[in-house]
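Notes follow the structure.
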Amino acid sequence: SSTTLTASGASNYVWDNNAGNTASVTVSPSTTTTYIVTGTSNGCTGTDQVTVTVAPSLNVTTTGDVTICPGSTATITASGATNFSWNNNAGSSATINVSPASTTTYIVTGTDANGCSGQAQATVTVANNLTLNATNVEMCGGSNSTITVSGAGTNGNYTWQPSTYLSSAAGNSVTFTAG
Numbered sequence: 570s571s572t573t574l575t576a577s578g579a580s581n582y583v584w585d586n587n588a589g590n591t592a593s594v595t596v597s598p599s600t601t602t603t604y605i606v607t608g609t610s611n612g613c614t615g616t617d618q619v620t621v622t623v624a625p626s627l628n629v630t631t632t633g634d635v636t637i638c639p640g641s642t643a644t645i646t647a648s649g650a651t652n653f654s655w656n657n658n659a660g661s662s663a664t665i666n667v668s669p670a671s672t673t674t675y676i677v678t679g680t681d682a683n684g685c686s687g688q689a690q691a692t693v694t695v696a697n698n699l700t701l702n703a704t705n706v707e708m709c710g711g712s713n714s715t716i717t718v719s720g721a722g723t724n725g726n727y728t729w730q731p732s733t734y735l736s737s738a739a740g741n742s743v744t745f746t747a748g
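Take my numbering: the final residue in the sequence shown is number 748, and no numbers are missing along the way.
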C-alpha cells in the first residue's frame with residue numbers, strides 16, 4: 570500500500586530516495602524506509618526526516634475444512650490476527666460454531682493493531698444421511714452365520730449393539746453364533 574508524506578515551511582523541496590521534489594509525495598516502500606526531505610526558502614536550507622514503517626503481512630489461518638453429519642455443529646478457529654470478522658453473519662470471535670444445512674464456505678478477515686488484514690477460509694461439508702442395509706438371517710441353534718451391513722462406504726465405522734453372540738462389536742461384517 571502507499572502513504573503520502575507532506576513537508577511544510579519552505580518554498581522548494583527535494584526528497585531523497587527519488588521520492589520527488591514537491592511538498593507532498595506518495596511512497597510505497599516494501600520495507601521500513603526513512604525519507605529525508607530538504608527544504609529551501611530565501612537561500613536558507615533545512616532538513617527533516619520521516620520513517621515509514623512497513624508492518625509484516627498477516628498470515629491468517631483456520632483450523633481447516635471439516636465434514637459433518639446433517640444437524641451437527643462444526644467448530645472453526647482462526648488465528649494470526651487480533652480481530653476477526655466472518656462472512657455469513659457467523660460472528661466476530663476467533664472461534665465460531667456453525668450448523669449449516671448444506672455445504673458452506675466461511676471466510677474470515679483478520680486485522681491487527683496496525684490495520685493490516687488478511688483472509689482465510691474453511692469449508693464445512695454436510696455429508697449425506699446414511700441409509701444402512703443389513704440382511705435378516707434365519708438359522709438353527711448352534712450354527713454360525715455372517716451378517717454384513719453396507720451404506721457407510723468402505724471406510725465407514727460400524728458398531729453392533731448388543732454385541733452378544735457376535736464375533737466383534739465393530740466392522741461391516743460379523744459372525745453370529747446362535748446360542
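For every residue, glycine included, the Cβ atom is placed at its ideal position computed from N, Cα and C.
Nearest to residue 702 by CA position, among 635, 597, 720, is which residue?
Considering only alpha carbons, the answer is 720.
Here's the rule: buried if 16 or more other CB atoms are within 10 angstroms of the residue's CB, otherwise exposed. What is residue 600?
That one is exposed.
Can you tell me where the beta strand (DSSP E) with residue 729 in it begins and where it stops?
That residue, residue 729, is in no beta strand (DSSP E); it is neither H nor E in DSSP.
With DSSP run on the structure shown, which of helix, strand or coil describes residue 659?
Three-state DSSP puts residue 659 in coil, outside helix and strand.
Rounding to the nearest angstrom, what Cα-Cα distance links residue 587 and residue 635 in this structure?
Rounded to whole angstroms, residue 587 to residue 635 spans 51 Å at the Cα level.
If distances are taken between C-alpha atoms only, which option among 726, 661, 665, 611 comes closest to residue 699?
Ranking the options by Cα distance to residue 699, first place goes to 726.
How would you call residue 755, buried or exposed, if buried means at least 16 neighbouring beta carbons within 10 angstroms?
Outside the displayed span of the chain (570 to 748) sits residue 755, for which this structure offers no information.
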